[in-house]
Structure formats: C-alpha cells, structure tokens
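The structure appears right after this line, and notes come after that.
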Ligand SMILES: Nc1ncnc2c1ncn2[C@@H]1O[C@H](COP(=O)(O)OP(=O)(O)O)[C@@H](O)[C@H]1O
Ligand SMILES: [Mg+2]
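Spelled out as structure tokens, the structure:
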C-alpha cells in the first residue's frame, strides 16, 4: 500500500499541476485541454459505448495479428532451433525481411486486403512474428541437451519429440517473447488506425484531434495506456500461475 | 548367451590433428542376465563407453553387437539411467507422468497409463509423490523416479551411469539393493558404471577396471560372492575384502 501511495505521487502532482496551470491560463485549452474536461469526455465516451467499441476493434486486430504471429513464429522458430540445416537455409531470407519497418507494409496490405481488420492484423502479425520467432529459436537452442537424449533413447518420433519435449522445454521463454509481442501488437494496431484504417482507438484519436476535441483525445490516450497495462499485468499473472514448472526447463 | 559384444571398439572425439583418442581397443562381452560393474578414474571414458553401448555415440573403429544386431542408434531394449537425474526428468510433468513417458504411444492409454505408472512407482516406493513435480523431490527420490521411468520401457539391457554418485550413503545402500533385486527379478543384463570400488564389487557378477589416457580395459575379475548380497555380511566377507585389496591397488597404480 505504501509503495502504491509512493508510486502515485508523481502522476497526482502532474494532474494537479496540469489542472492548475490550465485554470491559470498558462496552458492553452486548444492543445492541452484540462484534466477535469478529459475525465468528462472519457466518461461520456464510455457511457455512449463508443470507447468500448473502439477498444474492442483495436484489441481484435491486435489479437488476430498476434495469433497469426504465434502460429507462424513458434513452429518456424522451433524448426530453425532444432535443425541447423534449416537455420542456414532460412536465416539469410529472414535477416533481410526483419529490418523492414512494419508500418512500411501498410500500403501493400491495404492494396491486397483493403480497409478493415484483416489488413491491420496482417501488419501486426508482421511486426510481432520476429520477437516470437527469435525467442522460440533461442529457447529451443538453449534446451537442456539431456532431454534430447532421453527422447532419442526412447526412439521418439520427430513430431512427438517436438510436442512432448521441445515445446514444453521452450515454453517459458516463448512466453517472454509473446509478452514483448503483445506490447508491439497494441502499438502497431493503433498506429495503423492513426495512419489509414478507419476503426479502433487510433482512428478515434485522430478524429478527436481533427475535430478539435483535445479532451477526448487525451481521454483515449490515457485509456490506451491503461488497457496496455491491464493486459501486461494479466499476462504476468497467467505466467506465474501456469508456467512455474516450465520455467526451469532451460539448461542449468 | 552373449547380450552385449564389444569388439575392438575405439572412439575419438574431434577430427584430423585435433582428434583425441578417448577409448582404445575395448573388447568386452556381457552375458545375458549378467551384472557388470565398470570402474575407473574420473575422465577415463566410463560414460563414453556407456553411451556407445546405448547407441548415443557411434564408435570410430570396431563394433558393438546386442544380440545379433549391430548397435548404430538407441533402442528401447536398452534403458539408460543418467547420472544427472535432475536434468533427465521433465520438470513440467508430474512424477507419474514422467514415468509414463516411455509408455506413451504404446497400447496402454488414458487412465490405464496412469495406473501402470503408479504400479511402477510402487516398485520404487514412490506412489505417495505421484502428483508432485520433480523439483519437489529430494535427489534420491528423483533418481528413483528415473529408475522407475527406465523400467517402464521394459528393457532387456539396463545401462546405469554412476546413478548413486551424488547421493548420501544410506540412500545409496538402499538403492543398491533395490537395483540388484530388480535386475535379478526381471532378468536384465546390467552395465553399471561407478567410481565407488565397494559398490562395484557389491553389485557386480564381474568388475571391469578401466585405465585412463586413453581409456582401456586394465583388469577384469569375477566376483564369486553368493547372491542375493547383504550390506553387512557381503561387505565383511573375506573374498569381498580380497577383491577390494586387489582392485584398490590397481586403481591407485593408474
Ligand atoms: N562430447 C565430447 N566431446 C569431446 N570430448 C568429450 C566428449 N564427451 C566426453 N569427452 C571427453 O572424453 C573423456 C572421457 O569422458 P567421460 O566418458 O565422461 O569420462 P568418465 O565418465 O569416466 O568420467 C574426457 O576427457 C572428456 O573430456
Ligand atoms: Mg562419467
């Protein structure tokens, strides 16, 4: 409780200072709005449902993109991690693709998929797949070698080996990569909405800005930060709850 | 009948000018149902020899035959009990599920799988911890889990690499007797690596002494002590002591 109180000192001071500066006329209402107005605007958007709808739209695109990234990144990362031959074949191509800024893919995905959740999810997937794949490869490569021998001694088939040994042994570290990817997914989804896609929180913010509603824009900004924080907190809790026995599966 | 036939096996690690000869011209046969102890100084290649028999490593020269088949890869007929039990268990699986691992994909499924695993745990007196995770168990119990798991694959040949090296004396003696009993009951052929001379004699029908640099056979003795053996009387038997004297001298000399 004490730590919480301490942590709140800074934001509370900032909000009070912001409110006072605004009322004293130091900060222009057109750009900086005012905390009390922000609260009112946020509450109104919450009550009329527009904030929740936009949140769901953003989260939907982020989640679909993230799932795609996991569905691609984990198997590819596992194969690259296990097989040196595949690694040598695939790595150069991946190294060329990886530095491409995800945002640079917006025109292309717009061309192919048009406006909507698909194009947004595609850009998110491209942005997220790397951290998932790299975490998976690293996790697999650092797997306890003894476990591979246990599997060999049991004449385990490749698919069973991947499923029963490699994946669980790598799971805790894959989860770390996924957590990084979750943050990226949210950032990229909002970015795509701000840049082109007419849906979600990013679009809501750009509209609020263009229609001279800085109070609403700030409300959405703070809300996005809060949503991101809740998601990260939830993932950490899941991790602690379900992955504790996977955590020490790496090489010791 | 011969269960394991090791013919002029040499093993090098590395290639070209960097090659190191680890084992040199090892020739050994193990009879079916025999308990062979292998002893030697640390680093002489005991583990390497066991890995060769398991099929995890292939010899540079020579060949190993099990039955009439040449060993070129691991087989479920040969179970290995690794020295480092802590790393050989799957930390994300409960104890019973670790033991069930070799049974999966066979003809036992579902609830019967767990039942069979529990039966095996009973053999090692571990049924009480069936639903624990490996990191909740002591070293001795973890090693018993690994032994139970190796029994699940119903091996003909049981390969053990200093399985009790890291355990306290009392636990070690208990496990020695359990392993001896199981090997006899199930008529398994055992290759038992140890660096403990008394353990080698106590358990073995025969003891092979390896020398170092490169690893090679320097002595083979038959242990003419009645079975089943007893922690007190066997160890006080004059023949036990005579073997001990003889081998102790050899090990000191190398
Ligand atoms: N994979 C390997 N690559 C290279 N050298 C190895 C490898 N495994 C073991 N050695 C070397 O082989 C020798 C014998 O090792 P090992 O069989 O583990 O001995 P022991 O079990 O008798 O202590 C040691 O000098 C060790 O450094
Ligand atoms: Mg060894």
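Residue numbers (the working numbering), protein chains in the order written: chain A, 19 to 270; chain B, 23 to 276.
Every residue gets a Cβ at the ideal spot worked out from N, C-alpha and C, and that includes glycine.
Under 8 Å between beta-carbons, which chain A residues line up against residue i? List them in chain order, please.
i                     : result
residue 214 (chain B) : The contacting residues do not exist; residue 214 (chain B) stays about 17 Å from chain A at best.
residue 155 (chain B) : 263
residue 179 (chain B) : None at all; the shortest Cβ gap to chain A is about 12 Å.
Quick one: is residue i near chain A, going by C-beta distance under 9 Å?
i                     : result
residue 175 (chain B) : yes
residue 97 (chain B)  : yes
residue 113 (chain B) : yes
residue 123 (chain B) : yes
residue 78 (chain B)  : yes
residue 257 (chain B) : no
residue 276 (chain B) : The predicted model places residue 276 (chain B) with a pLDDT of 49, which falls under 50 and marks its position as unreliable; any figure quoted below should be read in that light. For residue 276 (chain B), the answer is no, since every Cβ of chain A falls outside 9 Å of its Cβ.
Below 8 Å on C-beta distance, what does residue i contact in chain B?
i                     : result
residue 258 (chain A) : Those do not exist, as residue 258 (chain A) stays about 15 Å from chain B at its closest Cβ, beyond 8 Å.
residue 165 (chain A) : 109, 110 and 112
Mind checking if residue i is an interface residue toward chain B, Cβ cutoff 9 Å exclusive?
i                     : result
residue 184 (chain A) : no
residue 168 (chain A) : yes
residue 191 (chain A) : no
residue 270 (chain A) : Confidence at residue 270 (chain A) is low in this model, with a pLDDT of 40, below 50, so the placement of that residue should be treated as unreliable; the coordinate-derived value is given next. Answer yes: the Cβ-Cβ gap between residue 270 (chain A) and chain B drops below 9 Å somewhere.
residue 175 (chain A) : yes
residue 203 (chain A) : no
residue 254 (chain A) : no
residue 123 (chain A) : no
residue 230 (chain A) : no
residue 172 (chain A) : yes
residue 187 (chain A) : yes
Answer yes or no: do residue i and residue j have a C-beta to C-beta separation smaller than 9 Å?
i                     : j                     : result
residue 141 (chain A) : residue 44 (chain A)  : no
residue 98 (chain A)  : residue 158 (chain A) : yes
residue 156 (chain B) : residue 264 (chain A) : no
residue 218 (chain A) : residue 72 (chain A)  : yes
residue 98 (chain B)  : residue 167 (chain A) : no
residue 91 (chain A)  : residue 136 (chain A) : no
residue 136 (chain B) : residue 122 (chain B) : yes
residue 75 (chain B)  : residue 230 (chain B) : no
residue 66 (chain B)  : residue 232 (chain B) : yes
residue 220 (chain B) : residue 261 (chain B) : no
residue 216 (chain B) : residue 237 (chain B) : no
residue 251 (chain B) : residue 224 (chain B) : yes
residue 239 (chain B) : residue 48 (chain B)  : yes
residue 31 (chain B)  : residue 102 (chain B) : no
residue 197 (chain B) : residue 243 (chain B) : no
residue 154 (chain A) : residue 188 (chain A) : yes
residue 104 (chain B) : residue 164 (chain A) : yes
residue 83 (chain A)  : residue 122 (chain A) : no
residue 201 (chain A) : residue 132 (chain A) : no
residue 111 (chain B) : residue 171 (chain B) : yes
residue 207 (chain A) : residue 79 (chain A)  : yes
residue 182 (chain A) : residue 126 (chain B) : yes
residue 93 (chain B)  : residue 77 (chain B)  : yes
Just to make sure I have the definition right: I need the residues of chain B whose C-beta is within less than 7 Å of the C-beta of residue i. Which are they?
i                     : result
residue 178 (chain A) : 127
residue 70 (chain A)  : In chain order: nothing, as chain B lies at least about 38 Å away.
List the residues of chain B whose Cβ lies closer than 9 Å to the Cβ of residue i, in chain order.
i                     : result
residue 128 (chain A) : Within 9 Å Cβ-Cβ: nothing; residue 128 (chain A) doesn't reach chain B, min ~43 Å.
* Short-range partners of chain C found in the stretch 131-163 of chain A, where Cβ spacing is below 7 Å -> No chain C appears in this structure, whose protein chains are A and B.
Problem - Contacting positions in the stretch 83-109 of chain B - beta carbon closer than 9 Å to chain A - result: Correct list: 95, 96, 97, 98, 100, 101, 102, 104, 106, 108 and 109.
* Members of the stretch 79-112 of chain A that neighbour chain B once the beta carbon cut-off is set at 7 Å -> none
Notebook entry, point to check: In chain order, what residues place their C-beta within less than 7 Å of a heavy atom belonging to ligand 2?
Noted result: B:68, B:69, B:105, B:183, B:184 and B:215
At a Cβ cut of 9 Å, what residues of the stretch 21-52 of chain A count as close to chain B, listed as they run along the chain?
none
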